[in-house]
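In this note's numbering, the protein residues as written are 2 to 186. Everything below concerns the one structure shown next.
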Ligand SMILES: NC(=O)c1ccc[n+]([C@@H]2O[C@H](COP(=O)([O-])OP(=O)(O)OC[C@H]3O[C@@H](n4cnc5c(N)ncnc54)[C@H](OP(=O)(O)O)[C@@H]3O)[C@@H](O)[C@H]2O)c1
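Rendered as structure tokens:
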């Protein structure tokens with residue numbers, strides 16, 4: 002079976018992205034092959050394409066920090082999950098493809114009834130924001146926080162999670178984004 006994926010051939014602008022057609026990857030031991038439903042598009046994807054993110058893979062690589070997809074095939078040793086199940090994962094690279102193989106231990110089953118494109122937007126940005134608030138800063142209701150880049154992917158996640166945590170929030174952003182940030186703060 003063939004599939005297509007996007008490959009960053011050299012670090013640079015959008016011209017570094019090429020579509021290639023090739024044989025579908027086969028899952029190795031402990032891996033699961035996932036048929037992509039939605040891949041996240043984030044600033045770190047762009048930074049990796051440009052070669053300036055601290056976790057930039059070596060070229061050539063397939064971008065995509067996070068994914069939601071359907072389990073397609075189990076590798077040897079993978080068990081307790083079934084083809085057809087919807088899962089989420091954050092493999093850091095690989096999801097700009099029709100199929101990707103991911104270690105089973107990195108998969109999280111998705112609750113039924115969610116829109117895949119909406120759900121994938123939660124993975125990188127909201128995990129980052131949640132950890133900043135609750136594992137690093139250990140915020141408490143009523144505390145005041147200042148969020149730089151408040152209109153961005155991580156910033157808007159911080160604003161939404163910060164509201165749930167009962168925080169008093171202040172944010173910085175460009176003038177075009179002030180009303181969106183004010184609505185969330
Ligand atoms: N450690 C992690 O796990 C992790 C995960 C995700 C992201 N990150 C990092 O978090 C940062 C934000 O990522 P993101 O995905 O939220 O990016 P994003 O969606 O592109 O948002 C960028 C934000 O920065 C603001 N900004 C851009 N240029 C600016 C400037 N010159 N001065 C002041 N503000 C400026 C933008 O404001 P306007 O749009 O209003 O101009 C926007 O609010 C990046 O450095 C990214 O690498 C880290």
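Here a beta-carbon is modelled for each residue, glycine too, at the ideal position from N, C-alpha and C. In this text the structure is predicted, and so the values were computed from the model without any measurement.
Just how far apart, CA to CA, sit residue i and residue j?
| i | j | result |
| --- | --- | --- |
| residue 88 | residue 183 | 34 Å |
| residue 123 | residue 54 | 20 Å |
| residue 141 | residue 78 | 43 Å |
| residue 58 | residue 15 | 17 Å |
| residue 18 | residue 5 | 13 Å |
| residue 175 | residue 96 | 31 Å |
| residue 185 | residue 49 | 29 Å |
| residue 134 | residue 159 | 8 Å |
| residue 114 | residue 120 | 10 Å |
| residue 145 | residue 132 | 17 Å |
| residue 177 | residue 80 | 49 Å |
In terms of residues, what are the limits of the beta strand (DSSP E) holding residue i?
| i | result |
| --- | --- |
| residue 63 | Segment: none, residue 63 is in no beta strand (DSSP E) and carries neither H nor E. |
| residue 171 | 169 to 172 |
| residue 48 | Premise fails: residue 48 lies in the alpha helix (DSSP H), 44 to 51, not in any beta strand (DSSP E). |
| residue 23 | 18 to 24 |
| residue 32 | 32 to 40 |
| residue 5 | 3 to 9 |
| residue 82 | Premise fails: residue 82 is in no beta strand (DSSP E) and is neither H nor E. |
| residue 87 | 87 to 90 |
| residue 104 | 100 to 104 |
Do residue j and residue i have their beta-carbon atoms positioned less than 7 Å apart in this structure?
| i | j | result |
| --- | --- | --- |
| residue 151 | residue 172 | yes |
| residue 20 | residue 60 | no |
| residue 93 | residue 66 | yes |
| residue 105 | residue 70 | no |
| residue 136 | residue 74 | no |
| residue 43 | residue 125 | yes |
| residue 29 | residue 76 | yes |
| residue 51 | residue 102 | no |
| residue 98 | residue 68 | no |
Applying the 10 Å Cβ sphere with the 16-neighbour rule, what's the burial state of residue i?
| i | result |
| --- | --- |
| residue 157 | buried |
| residue 63 | buried |
| residue 147 | exposed |
| residue 23 | exposed |
| residue 83 | exposed |
| residue 3 | exposed |
| residue 154 | buried |
| residue 110 | exposed |
| residue 108 | buried |
| residue 138 | exposed |
| residue 112 | exposed |
| residue 118 | exposed |
Give the range of the alpha helix (DSSP H) segment to which residue i is assigned.
| i | result |
| --- | --- |
| residue 118 | 117 to 121 |
Q) Residue ranges of each beta strand (DSSP E) run of no fewer than 3 residues wholly in the segment 125 to 178, ordered along the chain? A) 145 to 148, 169 to 172
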